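Chains as they are written, first to last, in the working numbering: chain R, 60 to 286; chain Z, 60 to 286. Using N, Cα and C, we set each Cβ at its ideal position, and we do this for glycine too. Every value quoted in this text rests on a predicted model; they were computed, and no experiment measured them. Taking it in order: structure first as structure tokens, then the write-up.
And the structure:
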């Protein structure tokens, strides 16, 4: 059985990505990051998601990007809550410098140890069009890097970064996940949950999620604080 | 003054690289990693080296590659001590999967926060010919990745990875460092120091270092356990 390293955040995109990797016949090795997030609840969601979808193993890499500062998800600056339509050209303040580059670098290291050549990441160029490291050009550049960066690459492994969600809408992702048996009640998306761990229902991430379920004609099974 | 992120391990290559970045007029931001090394002494050497050469700031990123296993420097397998000439085609067992990819990813993140476009790394394709991620092809692929991976790159920053040592012999590096005032007594190279922190004088790294000083006609100022 071919092995793949699958990045799992605990959100619904990575849950669907993990389900797709399993459907495609891979033995999935789930990799999550604890990168100075404000909410440990994300870590717990990642554990539940990986276990529920049958990941063969699950590793957590603790990486502290707060030593550099510079992002809404790692600093104590306010998470945006707005009705304004975001300028598609603008890079959101929730952008974390080089985050997916760092994530894929770790995935590549684990691949080499496992003898795997496949990495799955739930990057999406539709809802996250502002993130440079969610675009096909980035994914392609990383594949080219992997080929020359590693012992395995030099010895002939062809690394492939799978991005099954890259051109899907949030509604498509939710429909696909539901079709593959993802239990969305285990997932967590909110940037700004309550002390009890309830999703706020108002941040960008909650709004995109709720609108996705609405478009998909499905019910979001998680409880929200403000609804 | 232009800023640069400079990777500093505490060894003589990175000390010379840092001195070169300062000579070239950069304000140097030193970045070191604590990646589950067996020897905290490397961390202390990095601090001394960065301070002595006038780094503007110094950050340590704690990254634990032991969660994946797979290398002599992170696992408890024996460090090679041998007189045998290494096959130039062979990748040493001290190779750490994707290590420089991970290191440069962190450097890239800090660059974005600092508004810097320059990274210095003491990669060397002569003495470390077996490491895929010490070759010009790797460095070039990482520059191409940086251009598409980041907000800064998308907005026009041209990232450059400086590898001033890439084709220098160890003797050349030592001569260059000495010329630029590097205090080699502050540096640490040994893979297998004694409990007191003395270099063993027998591991690959010590042997390359000692031979380098010999070829350069200079005296290695650090004490050794076995000589």
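Within chain R, the residues that residue 164/Z reaches when beta carbons sit closer than 7 Å: 157, 160, 161, 164
Cβ shell of residue 167/R (< 6 Å), same chain only, five flanking positions each side left out: 205
Closer than 7 Å to chain R by CB, residue 81/Z: no
Residue range of the unbroken alpha helix (DSSP H) whose run includes residue 90/R: Here residue 90/R belongs to no alpha helix (DSSP H); instead the beta strand (DSSP E) covers 86-93.
Chain Z within 7 Å of residue 127/R, Cβ atoms only: yes
Cβ-Cβ separation, residue 191/Z to residue 210/R (assumed contact under 8 Å), whole Å: 6 Å
First and last residue of the uninterrupted alpha helix (DSSP H) at residue 163/R: 158-173
Min CB distance residue 106/Z to chain C below 7 Å: Given the protein chain composition of this structure (R and Z), no chain C is represented.
Alpha helix (DSSP H) runs contained entirely in the region 238-283 of chain Z, provided each spans 4 or more residues: 263-275
Cβ pair count under 8 Å reaching 3, the region 85-95 of chain R against the region 109-117 of chain R: yes
Residue 112/Z: first and last residue of the uninterrupted alpha helix (DSSP H) it sits in: No alpha helix (DSSP H) contains residue 112/Z, which DSSP labels as neither H nor E.
Distance between beta carbons of residue 194/R and residue 208/R, contact taken as under 8 Å: Not really, about 20 Å apart at Cβ, beyond 8 Å.
Extent of the continuous alpha helix (DSSP H) run through residue 72/Z: 71-82
Of the listed residues 233/Z, 237/Z, 248/Z, 177/Z, nearest to residue 216/Z (C-alpha basis): 177/Z
Min CB distance residue 116/R to chain Z below 7 Å: no
Contact belief for residue 245/R with residue 284/R at Cβ below 8 Å, rounded distance in angstroms: That pair is no contact at about 18 Å.
Extent of the continuous alpha helix (DSSP H) to which residue 204/Z belongs: 195-208
Residue 77/Z vs residue 64/Z beta-carbon contact at 7 Å: no
Residue 178/R in three-state terms, based on DSSP: strand
Neighbour flag for residue 216/R against chain Z, beta carbons, 7 Å: no
Interface residues of the region 174-194 of chain Z facing chain R [CB-CB below 8 Å]: 191, 192, 194
Cβ neighbour criterion (16 or more within 10 Å) applied to residue 255/Z: exposed
C-alpha distance - residue 250/Z paired with residue 277/R, whole-angstrom precision: 57 Å
Three-state secondary structure assigned by DSSP to residue 224/R: coil
Alpha-carbon to alpha-carbon, residue 280/R and residue 100/R: 17 Å
Inter-residue Cα distance where the pair is residue 71/Z and residue 229/Z: 9 Å
Alpha-carbon to alpha-carbon, residue 240/R and residue 110/R: 13 Å
First and last residue of the uninterrupted beta strand (DSSP E) at residue 63/R: 62-66
For residue 120/R, three-class secondary structure by DSSP: strand
Outcome for residue 171/R when other beta-carbon atoms lying within 10 angstroms are tallied against a minimum of 16: buried
Where residue 217/Z sits in the DSSP three-state scheme: coil
Interface residues of chain R facing residue 123/Z [CB-CB closer than 8 Å]: 120, 121
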